[in-house]
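Novice: 341 is the number of the first residue of the sequence shown in the numbering used here; add one for each residue after it.
Pasting a structure below so you can have a look.
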Amino acid sequence: MNQMPAPLSIAAIVAAAGRSTRMGTPKQLLPWQGTTVLGAVVRHLDAAGAQPVVCVVGHRRAAMIDALADAPAVLVDNPGYLQGEMLNSYQAGVRYLQAAEFPAAGALLALGDQPHIPVAVLEAILCQARQTPGQIVIPRYEERRGHPIYLPAALWPELLALGHDETLRTLVVRHAETIVYVPVESDAILRDIDTPSDYQALAPSTP
Numbered sequence: 341m342n343q344m345p346a347p348l349s350i351a352a353i354v355a356a357a358g359r360s361t362r363m364g365t366p367k368q369l370l371p372w373q374g375t376t377v378l379g380a381v382v383r384h385l386d387a388a389g390a391q392p393v394v395c396v397v398g399h400r401r402a403a404m405i406d407a408l409a410d411a412p413a414v415l416v417d418n419p420g421y422l423q424g425e426m427l428n429s430y431q432a433g434v435r436y437l438q439a440a441e442f443p444a445a446g447a448l449l450a451l452g453d454q455p456h457i458p459v460a461v462l463e464a465i466l467c468q469a470r471q472t473p474g475q476i477v478i479p480r481y482e483e484r485r486g487h488p489i490y491l492p493a494a495l496w497p498e499l500l501a502l503g504h505d506e507t508l509r510t511l512v513v514r515h516a517e518t519i520v521y522v523p524v525e526s527d528a529i530l531r532d533i534d535t536p537s538d539y540q541a542l543a544p545s546t547p
């Protein structure tokens, strides 16, 4: 009897090392449906099938670790988060996966302040990534691109080579011809939590 091949392993790297300057308090630690904003992000990625979920922390590191004590995540420190937090965090996550020799086809590069993205949307991105594992996969809502972005492992060396004056967008533009877009019906991929008003607008009625 032939067995179905196991689905390709796809990791997730969550950028959660920032200082939340516009919020005035660590937004990753704000309450969200019985956990925290960051805890919800991690749990949704795990529920969608990303393995492992690598959460990169920096500012308020000890508090982040405490908040994720029971979460299905691997915690990685980003001591250089002050020098371009998001890119540095993704680079730290990739270095961890490479050092651990985890056989991932690629990784979802996720934001630590999008707990409102439905699991079904994350599943759709992962499904497309497993069908086209060598190509960049980006969700799109009404022709607008959002997060998380799938980056194949073949492009990780280029990600690591980006300088402090560059961003993930640099790499995406460089390989624009490889992008596969996933149409989604939720604008959650476009919205994140930067300010108190963002949190009030997006937070569930029972945090």
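All C-beta atoms, glycine included, are put in the ideal place defined by N, C-alpha and C.
Quick caveat, the model's predicted, so the values are computed rather than measured.
How big is the Cα-Cα spacing for L508 and E483?
Specialist: Roughly 19 Å separates the two Cα atoms.
Novice: As an exercise, report each continuous alpha helix (DSSP H) stretch of at least 4 residues that is fully enclosed by the region 423-466, in chain order.
Specialist: If we require 4 residues or more, the alpha helix (DSSP H) runs fully inside the region 423-466 come out as 425-439.
Novice: One question on the structure: do Y481 and I529 come within less than 7 Å of each other, judged by their Cβ atoms?
Specialist: Their beta carbons are under 7 Å apart, which means Y481 touches I529 by this criterion.
Novice: What would DSSP say about Y421, mapped onto helix, strand or coil?
Specialist: It is coil, neither helix nor strand.
Novice: Comparing C-alpha positions only, which one of S526, I353, P392, L369 sits nearest to R485?
Specialist: Considering only alpha carbons, the answer is S526.
Novice: Can you give me the C-alpha to C-alpha distance between I405 and R514, rounded to a whole angstrom?
Specialist: C-alpha separation (whole angstroms): 35 Å.
Novice: Assuming A444 and S349 form a contact by the criterion Cβ under 8 Å, report the distance between their Cβ atoms to the nearest whole angstrom.
Specialist: That belief holds up - the Cβ atoms of A444 and S349 are roughly 5 Å apart, short of 8 Å.
Novice: Span of the alpha helix (DSSP H) holding L378?
Specialist: First-last of the alpha helix (DSSP H) with L378: 377-388.
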